[in-house]
Amino acid sequence: MASKVSVETVDLPSFFADLVRCETRLYNALNDRLRERHGIVTSQFEFLRHLRHHPGARVADLAAEFAVGIGATSKGVDRLERQGWVTRTPNPSDRRSSLLELTDDGLQLVDAAEATFTERLAELIADALKASPMTAAAQALSELRSVLERDQIGTPTG
45 MASKVSVETV DLPSFFADLV RCETRLYNAL NDRLRERHGI VTSQFEFLRH LRHHPGARVA
105 DLAAEFAVGI GATSKGVDRL ERQGWVTRTP NPSDRRSSLL ELTDDGLQLV DAAEATFTER
165 LAELIADALK ASPMTAAAQA LSELRSVLER DQIGTPTG
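For the sequence shown, the numbering used here assigns the number 45 to the initial residue and increments by one for each residue that follows.
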């Protein structure tokens, strides 16, 4: 069983601030590189990557995965569809939804963008996190995410 963090040893508001600011700065830096090299932003990359691994996903599936409202997710998918990277097909088991698939262009884009994304993220974290702390951080964040998702904490309502 995972050990609990003691509030006596960790300044939780500072931990939260560091976590959020690191995420924001990494997201923005990755956003800049993806835009520069591929003409997409990080959220589009994440949607495309998810659809590559989950063909036939629905907008609701993307919204749940990324903890984003369905309306915002649908608008994001609309943009991907207009660019010719994603197609929607009627869902045979639920007429209210569509199944999403990457087009060939979308697949090529996400494959190229993933190489750029991975290279840039490695550059950004190389000096700050060595192998052992990186493994510990990845494990801790994975466990935290699992608990938050299991308990449906922070899930948007719309």
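Don't be surprised by glycine CBs; every beta carbon is placed ideally from N, CA and C.
Source: prediction; values computed, not measured.
Reduced DSSP secondary structure (H/G/I, E/B, other) of residue i
i	result
residue 132	strand
residue 101	strand
residue 119	helix
residue 179	helix
residue 197	coil
residue 166	helix
residue 150	helix
residue 53	coil
residue 112	coil
residue 173	coil
residue 126	helix
residue 187	helix
Residue span of the alpha helix (DSSP H) that contains residue i, given as start and end
i	result
residue 87	86-97
residue 64	56-82
For residue i, the residue or residues it bridges with in DSSP
i	result
residue 142	134
Short CB-CB distance (under 9 Å) between residue i and chain C
i	result
residue 54	Among the chains in the structure shown there is no chain C, since it carries only a single protein chain.
TODO: Specify whether the region 95-108 and the region 76-83 touch according to this definition: at least 3 beta carbon pairs, one from each stretch, less than 8 Å apart.
DONE: No contact exists between the region 95-108 and the region 76-83.
Open item on the list: Would the region 56-70 count as touching the region 112-127 if we require 3 or more Cβ pairs under 8 Å?
Closed with: In short, these stretches do not touch, since the Cβ pair count stays below three.
Task: Validate contact between the region 109-117 and the region 182-202 using beta carbons, cut 8 Å, 3 pairs - done: The region 109-117 vs the region 182-202: in contact.
Task: Stretch pair the region 160-174 + the region 129-144: three plus CB contacts closer than 8 Å - done: No, the region 160-174 is not in contact with the region 129-144.
TODO: Would you be able to state if there are at least three C-beta pairs under 8 Å between the region 98-107 and the region 141-157?
DONE: Yes, the region 141-157 is in contact with the region 98-107.
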